[in-house]
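Trainee: For the protein sequence lines, the chains are A and B, in the order given. For what it's worth, my numbering labels the leading residue of the first sequence as 9, then goes sequentially. For what it's worth, my numbering labels the leading residue of the second sequence as 9, then goes sequentially. Following this message is one structure expressed as structure tokens.
Number of protein chains: 2
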Amino acid sequence: MKDGPLHSLIKMLSSLPGLGNRSARRIALYLLSRREDFMVPLAEMILQVAREVKRCEICGNLDMVSPCGVCQDVRRSGDQVCVVAQVSDLWAIERTGAYKGRYHVLGGLLSALDGIGPEQLHIESLITRVRMGEIREVILALSATVDGQSTAHYIADHLVGLDVQVTHFAHGMPVGGELDYLDDGTITTALRSRA
Amino acid sequence: MKDGPLHSLIKMLSSLPGLGNRSARRIALYLLSRREDFMVPLAEMILQVAREVKRCEICGNLDMVSPCGVCQDVRRSGDQVCVVAQVSDLWAIERTGAYKGRYHVLGGLLSALDGIGPEQLHIESLITRVRMGEIREVILALSATVDGQSTAHYIADHLVGLDVQVTHFAHGMPVGGELDYLDDGTITTALRSRA
Numbered sequence: 009m010k011d012g013p014l015h016s017l018i019k020m021l022s023s024l025p026g027l028g029n030r031s032a033r034r035i036a037l038y039l040l041s042r043r044e045d046f047m048v049p050l051a052e053m054i055l056q057v058a059r060e061v062k063r064c065e066i067c068g069n070l071d072m073v074s075p076c077g078v079c080q081d082v083r084r085s086g087d088q089v090c091v092v093a094q095v096s097d098l099w100a101i102e103r104t105g106a107y108k109g110r111y112h113v114l115g116g117l118l119s120a121l122d123g124i125g126p127e128q129l130h131i132e133s134l135i136t137r138v139r140m141g142e143i144r145e146v147i148l149a150l151s152a153t154v155d156g157q158s159t160a161h162y163i164a165d166h167l168v169g170l171d172v173q174v175t176h177f178a179h180g181m182p183v184g185g186e187l188d189y190l191d192d193g194t195i196t197t198a199l200r201s202r203a
Numbered sequence: 009m010k011d012g013p014l015h016s017l018i019k020m021l022s023s024l025p026g027l028g029n030r031s032a033r034r035i036a037l038y039l040l041s042r043r044e045d046f047m048v049p050l051a052e053m054i055l056q057v058a059r060e061v062k063r064c065e066i067c068g069n070l071d072m073v074s075p076c077g078v079c080q081d082v083r084r085s086g087d088q089v090c091v092v093a094q095v096s097d098l099w100a101i102e103r104t105g106a107y108k109g110r111y112h113v114l115g116g117l118l119s120a121l122d123g124i125g126p127e128q129l130h131i132e133s134l135i136t137r138v139r140m141g142e143i144r145e146v147i148l149a150l151s152a153t154v155d156g157q158s159t160a161h162y163i164a165d166h167l168v169g170l171d172v173q174v175t176h177f178a179h180g181m182p183v184g185g186e187l188d189y190l191d192d193g194t195i196t197t198a199l200r201s202r203a
């Protein structure tokens, strides 16, 4: 089994994020143990998703239609746009059910290290959306990392002069987090931003 | 994105061994970011493997042909059969290059807890192979767990009276293991089996 399709499949699986050789082998054997009721349906579902899922032309979300369900939903406020790096961040916010506005998916974060500049992200399209005038608030929901914060700064800078309020996700103690286990930066921030 | 094919795909991926909801979402987004060059080829490779990989009619190994490459290889000794629980164990032994005999894959271990009895494993076919007379040694390479050892006992019992030597993988210190970190059972066994 040093070559052949099973070896190729294991190699492909092992290149998926979070998987290594051992987990890829385990998954391949599991698939082969359930060929008809799981393996073939999984492959067909992958093909269907590859064929049918679209990226929303307005916000960059993934959905069966473009514009996506969120952009088309008239019950959601067009006043607010929440800016996220990835679709997974959008999903995380949607799971809370706490937000009723629209989104804008950047497709990543500015990163000097990885050589990702503004032109590789959907920042220009965000500014265009804001210029159209309906949006009152841009909520920057970007990671509290160097890349996340430099991306937030870049976007805020480019929205100066437009009639829009720019807000950020609050920094502080995670809910349910024990103070004793927090890092110094979070404790300092939570103390300074106390309310 | 609470329904639709992307949701179904994430649900299927999250049921793979070792994956949860978060890793399944990450993999689905990764696949969608590489639709043409990875996602579609992966699905096609899964279908090809589901279609083409066979279980060897002699030993239970997975290969493109049946009997498998190992069973067909005339340079390998037909005197020795190494009994393993799963194909992954066979692969682990093959990676060492230290074994030049044949294999027999049981397809699992006897387990009172999981309700797995002898008739669900390929034990009968092992005994039939031994009865055919070519095999001189049955090497039981089963886990040093309760299930592994009761399976080994069961097989050894059923080979009594046949003209074959039954051996076991040695128990002792793992190579590279530090004595200080070993459990008591392993230290006791290594001491008793000293040579």
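Virtual Cβ for every residue (Gly too), placed ideally from N, Cα, C.
If you draw a straight line from the alpha carbon of A/Thr-136 to that of A/Leu-117, how long is it in whole angstroms?
Mentor: 19 angstroms
Trainee: According to DSSP, which residues form a beta bridge with A/Thr-175?
Mentor: A/Ile-147
Trainee: Are the beta-carbon atoms of A/Ile-143 and A/Val-91 separated by less than 8 angstroms?
Mentor: For A/Ile-143 and A/Val-91, no; Cβs fall outside 8 angstroms.
Trainee: Rounding to the nearest angstrom, what Cα-Cα distance links B/Leu-21 and B/Leu-27 in this structure?
Mentor: As the crow flies, the alpha-carbon of B/Leu-21 is around 7 angstroms from that of B/Leu-27.
Trainee: Hey, is A/Gly-109's beta-carbon within less than 8 angstroms of any beta-carbon in chain B?
Mentor: For A/Gly-109, the answer is no, since every Cβ of chain B falls outside 8 angstroms of its Cβ.
Trainee: Looking at the structure shown, is A/Ser-41 part of a helix, part of a strand, or coil, going by DSSP?
Mentor: helix
Trainee: Short check: CB of B/Arg-110 to CB of B/Cys-64, under 8 angstroms?
Mentor: One thing to note: B/Arg-110 has its Cβ no nearer than 8 angstroms to the Cβ of B/Cys-64.
Trainee: According to DSSP, is B/Ile-124 helix, strand or coil?
Mentor: Strand at B/Ile-124.
Trainee: Starting from the beta carbon of A/Leu-14, find every residue of chain B whose beta carbon is closer than 7 angstroms, and list them in chain order.
Mentor: Val-57, Val-61 and Leu-70
Trainee: List the residues of chain B whose Cβ lies closer than 7 angstroms to the Cβ of A/His-48, in chain order.
Mentor: Reading the sequence as shown, one finds Val at residue 48 of chain A and not His. Those are Leu-55 and Ala-58, listed as they occur along chain B.
Trainee: Quick check on A/Met-53: buried or exposed, where buried means 16 or more other Cβ atoms within 10 Å of its Cβ?
Mentor: buried
Trainee: Which ranges does the beta strand (DSSP E) cover as unbroken runs of at least 3 residues, wholly within the region 36-95 of chain A, from first to last along the chain?
Mentor: With a minimum length of 3 residues, the continuous beta strand (DSSP E) runs that stay inside the region 36-95 of chain A are 88-92.
Trainee: With a threshold of 7 angstroms on Cβ separation, who are the neighbours of B/Leu-190 within its own chain once the five nearest residues in sequence on each side are excluded?
Mentor: Same-chain partners within the cutoff: Met-181.
Trainee: Can you give me the Cβ contacts of A/Val-95 inside the same chain, cut-off strictly under 8 angstroms, excluding the 5 residues immediately before and after it?
Mentor: Gly-68, Asn-69, Leu-70 and Val-113
Trainee: For A/Val-113, which beta-bridge partners are listed by DSSP?
Mentor: Bridge pairing for A/Val-113: A/Val-92 [DSSP].
Trainee: Which chain B residues are close to A/Met-20, counting only those with a beta carbon under 7 angstroms from its beta carbon?
Mentor: Leu-50 and Met-53
Trainee: List the endpoints of the continuous alpha helix (DSSP H) containing B/Leu-25.
Mentor: For the record, residue 25 of chain B in the displayed sequence is Pro; it is not Leu. Taken as a continuous stretch (DSSP letters only), B/Pro-25 belongs to no alpha helix (DSSP H), as it is neither H nor E.
Trainee: Could you list which residues in chain B have their beta carbon closer than 7 angstroms to that of A/Pro-182, in chain order?
Mentor: Those within 7 angstroms of A/Pro-182 in chain B number zero; the least Cβ separation is about 16 angstroms.
Trainee: Using the beta-carbon of each residue, which ones in chain A are nearer than 9 angstroms to B/Ile-35?
Mentor: Leu-24, Pro-25, Gly-26 and Leu-27
Trainee: With DSSP as the reference, label B/Ser-119 as helix, strand or coil.
Mentor: strand
Trainee: Return the CA-CA distance between B/Ser-151 and A/Lys-19, expressed in angstroms with no decimal places.
Mentor: 26 angstroms
Trainee: In three-state terms, what does DSSP make of A/Pro-182?
Mentor: In the structure shown, A/Pro-182 sits in coil (DSSP, three-state: anything other than H, G, I, E or B).
Trainee: Under 8 angstroms between the Cβ atoms of A/Val-61 and B/Leu-37?
Mentor: no
Trainee: Any beta-carbon of chain A closer than 8 angstroms to the one on B/Gln-94?
Mentor: yes
Trainee: The alpha helix (DSSP H) that contains A/Arg-200, what's its start and end?
Mentor: 192-200
Trainee: Kindly confirm or deny that the region 70-83 of chain B and the region 120-135 of chain B touch, where touching means at least three C-beta pairs closer than 8 angstroms.
Mentor: no
Trainee: Starting from B/Gly-156, trace the alpha helix (DSSP H) in both directions and tell me its first and last residue.
Mentor: 154-167
Trainee: Quick check: A/Ala-149 and A/Ile-101, are their CB atoms within less than 8 angstroms of each other?
Mentor: Yes, Cβ-Cβ distance for A/Ala-149 and A/Ile-101 is below 8 angstroms.
Trainee: Which term fits B/Met-47, buried or exposed, when burial requires 16 or more other beta carbons within 10 angstroms of its beta carbon?
Mentor: buried
Trainee: Whose Cβ in chain B lies nearer than 7 angstroms to the Cβ of A/Arg-43?
Mentor: The answer, in chain order, is Ala-58.
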